[in-house]
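Take a look at the structure set out below.
Protein chains: 2
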Amino acid sequence: MAFWQEYENINQELNEVRNMIIKNTKNKYLGEVIEPMVYSSGKMLRPAFVLISGKFGECDTDKLKKFAMIIEILHMATLIHDDIIDDAEIRRGQPSIQAEKGKNAAVFIGDYYLCQCFLMLSNDYEQDDLQQIARVINSICIAEVQQNYNKRNNHLSVRNYLKVISGKTAALFALSFYMGAKVGNCDLKLCQELGRLGKYIGMAFQIMDDILDYLSDEASLGKENNKDIQQGYYTLPLIYALNNEQGVELKSFIEKEEFTKEDYALIVKMVKDNGGISYAMQLAQTYVDKAFNIIKNLPECESKTMLQDITGKLLQRKY
Amino acid sequence: MAFWQEYENINQELNEVRNMIIKNTKNKYLGEVIEPMVYSSGKMLRPAFVLISGKFGECDTDKLKKFAMIIEILHMATLIHDDIIDDAEIRRGQPSIQAEKGKNAAVFIGDYYLCQCFLMLSNDYEQDDLQQIARVINSICIAEVQQNYNKRNNHLSVRNYLKVISGKTAALFALSFYMGAKVGNCDLKLCQELGRLGKYIGMAFQIMDDILDYLSDEASLGKENNKDIQQGYYTLPLIYALNNEQGVELKSFIEKEEFTKEDYALIVKMVKDNGGISYAMQLAQTYVDKAFNIIKNLPECESKTMLQDITGKLLQRKY
């Protein structure tokens, strides 16, 4: 995995987490349906953050890897259902499960993995941890519902956008950091600080993700890049541009039912010209700054150095 | 609710459970989307069984009602996803959520209610109960996956059918009985006996449900009645008939892509003529007998009388 190759230990442990996922999600009727997702180019950020966070404490690596596995399965379950809604053909450079097996099967397959997570969690975790985890999964669902509700609403506020990505992406990042530290037996204050750090990194990550939809070509992104607008999901660059000078022109343009490649290129140009990308970059920078503010007070260790590195790279992401 | 009107206490408590569901599933973005399902003609068997079972013990009614609510929300979440797969337009005599809000929204709405269950469960239940519950939810998912895998397979065995309905329907009935008794502080042996009773009632109930698809008209069923065959889901009456004398003729007939009303009527006739209905009735009778065998040893109380009544009525169901 290119992303982690500098960090030998994490890279090795993530490979083990991968194998654990394959082993634990096998099903007689499904086979190893998520294997292509697991072995794809996905960066495995969430399980990596569990591992990195856990190493701030006294560390039982097996317990950490198990939680990392659960978090990644949970994330994949949400992706499977996301891809149904988005009609996504490609996920992590591979055919999506909805494209491969059909939408109907994908509903159950996502349900199955979601339930597998709950089953695995109910075996090992205490009630207060389970509550915390259930609340996060719930917040992901609410954010998805909210995002669906916002579809084709061209009066969205930046605040509304931030609320959705906070529930959808940042909450799961925060949980990965918080629970990683908890499983690693860190003291509660450190768990909470790492949780906050996860939230900021998650916000910056999602904003960058949404920016990349406007900048990248399909091949490097590993998924289709003009789906968001076509599906009626408006993200930060567009939301900012809609609320700005050329907003009126842009508004009438995105109301079209179908976009040609040329239409899409024009929207991207208008969003760029109208400052949507640079505004979103600034906001991502703000969250990166918040993240660095937390990192600088963390205890010195290998994990701290890694978090500094990764956070530094967030704004330079190309894929 | 016609089904429970003879039993004033249960009827009253089920009304309270209904109101609790409405109150606890409200969502800013969804509104009261499941309200029509809650106030429809659904028999609320699962929550009723929680209440009836709990009354075998020392009973904290509020705790019982809360668990009854969670079980019904869980059941509704699975129905919402089922209806996506089945293209069902009608559910409990009302437009289904997938018909009303679209398939995409229905994916999230089902996820949301499923997660609400886990959130509510994680607040109140001990680890061994949570494990039990998670295992059942998992078994429902596996059965759905299995059922989907079996689609359009005209070599299905009765054993395979029983395995699917055992995971899909009977497991949730068993859980309602078992956990009702557990919440009602019954001793473990009684909880387990009631769990077994729930399983047998669930098996009989599902077999009757599948028989009714061949006997009823749409209006009294509250859902479309020829969907199963059209969708490629083959249930007991058809499975028996396929494995029997006229099986070959039936086999070539159900392989058609589209059925007219006349085709469907002919299939129904062939299934009936070939003994599919009477075989299924016999099997339902076997499970009813097993249920009565357990009931007769239960301690004398109002709940026992009710279970006798209800079990006696299972085979007379018209809807």
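Residue numbers (this note's numbering), protein chains in the order written: chain A, 1 to 319; chain B, 1001 to 1319. Beta carbons: idealized from backbone N, C-alpha and C, even for Gly.
Item: Evaluate contact between the segment 287 to 302 of chain A and the segment 185 to 203 of chain A, counting only Cβ atoms and requiring at least three cross-stretch pairs below 8 Å.; Value: yes
Item: Report the rounded CA-to-CA distance for Tyr1029/B versus Glu144/A, giving the unit in angstroms.; Value: 10 Å
Item: Just tell me which of Ala1002/B, Ala1265/B and Lys1055/B has its CA closest to the CA of Ala1181/B.; Value: Lys1055/B
Item: Quick one: what does DSSP say Asp34/A is sitting in, helix, strand or coil?; Value: According to the sequence displayed, residue 34/A carries Ile and not Asp. Correct three-state label for Ile34/A: coil.
Item: Short check: CB of Asp1082/B to CB of Ala1106/B, under 8 Å?; Value: no
Item: Assign Gly1031/B to one of two classes, buried (16 or more other C-beta atoms within 10 Å of its C-beta) or exposed (fewer than that).; Value: exposed
Item: Would you verify that the beta carbon of Phe382/A is, or is not, closer than 8 Å to some beta carbon of chain B?; Value: Lying outside 1 to 319, the shown extent of chain A, residue 382/A is not represented and no answer is given.
Item: Where Arg46/A and Arg92/A are concerned, what is the direct C-alpha to C-alpha distance, given to the nearest angstrom?; Value: 15 Å
Item: List the residues of chain D that Glu144/A touches, going by C-beta distances under 9 Å, in chain order.; Value: Here chain D cannot be found, since the structure's protein chains are A and B.
Item: What whole-angstrom Cβ distance do Ala77/A and Gly110/A have, given they're in contact under 8 Å?; Value: 5 Å
Item: Could you check what DSSP says for Leu221/A in three-state terms: helix, strand or coil?; Value: Only weak support is given to the placement of Leu221/A: the predicted model assigns it a pLDDT of 46, under 50, and the value that follows is read from those uncertain coordinates. Leu221/A falls in the helix class under three-state DSSP.
Item: Measure the C-alpha to C-alpha separation of His75/A and Leu1074/B and round it to an integer number of angstroms.; Value: 21 Å
Item: Please identify, using Cβ separations under 9 Å, the residues of the segment 292 to 310 of chain A that lie next to chain B, in order along the chain.; Value: none
Item: Label Asn274/A either buried or exposed according to how many other C-beta atoms from any shown protein chain fall within 10 Å of its C-beta, with 16 as the threshold for buried.; Value: buried
Item: Residues bridged to Ile1090/B by DSSP?; Value: Pro1095/B
Item: Give a yes or no on whether the minimum CB-CB distance between Arg159/A and chain B is below 8 Å.; Value: no
Item: Mind checking if Gln127/A is an interface residue toward chain B, Cβ cutoff 8 Å exclusive?; Value: yes
Item: Please state the DSSP three-state secondary structure of Asn1185/B.; Value: coil
Item: From Asn1019/B, Ala1002/B, Ser1053/B and Tyr1161/B, pick the residue whose C-alpha is nearest to that of Gln1192/B; which is it?; Value: Ser1053/B
Item: Can you pull the chain A neighbours of Asn1138/B, defined as C-beta to C-beta under 7 Å?; Value: Cys115, Gln116 and Leu119
Item: Since Glu58/A is in the alpha helix (DSSP H), which residue starts that stretch and which ends it?; Value: First-last for Glu58/A: undefined, no H or E at that position.
Item: Got a sec, what are the start and stop residues for the alpha helix (DSSP H) Thr305/A sits in?; Value: Glu302 to Leu314
Item: Quick one: what's got a C-beta closer than 7 Å to Ile1239/B's C-beta in the same chain, skipping five residues either side?; Value: Leu1156, Val1158 and Tyr1161
Item: So is Ile244/A in contact with chain B if we call contact Cβ pairs under 8 Å?; Value: Note that residue 244/A corresponds to Asn in the displayed sequence, not to Ile. By this cut-off, Asn244/A is not an interface position.
Item: Specify the secondary structure class of Asn1027/B as computed by DSSP and reduced to three states.; Value: strand
Item: Distance, Cα to Cα, Phe173/A vs Phe67/A?; Value: 13 Å
Item: Assuming contact is defined by CB atoms lying nearer than 8 Å, are Ala1048/B and Ile1010/B in contact in what I supplied?; Value: yes
Item: Tell me the rounded alpha-carbon separation between Glu1006/B and Lys103/A.; Value: 43 Å
Item: Quick test of your reading: Asn154/A and Lys251/A, contact by CB under 8 Å. State the CB separation rounded to the nearest angstrom.; Value: 5 Å
Item: Sorted by chain position, which residues of the same chain lie with C-beta nearer than 6 Å to Gln206/A's C-beta, five sequence neighbours on each side aside?; Value: Ile165 and Thr169
Item: Where do the ends of the alpha helix (DSSP H) carrying Gly1054/B lie?; Value: Leu1045 to Gly1054
Item: Can you confirm whether Val1017/B, when its beta carbon is compared against all beta carbons of chain A, has any partner nearer than 8 Å?; Value: no
Item: Buried or exposed, going by whether 16 or more other CB atoms sit within 10 Å of the CB of Asn123/A?; Value: exposed
Item: Mind listing which residues of the segment 1072 to 1084 of chain B have their C-beta closer than 7 Å to chain A's C-betas, in chain order?; Value: His1081 and Ile1084
Item: Alpha carbon to alpha carbon, how far is Glu1249/B from Phe1108/B? Give it in angstroms, no decimals.; Value: 42 Å
Item: Could you tell me which chain A residues have their CB closer than 7 Å to the CB of Cys1191/B, listed as they occur along the chain?; Value: Those do not exist, as Cys1191/B stays about 18 Å from chain A at its closest Cβ, beyond 7 Å.
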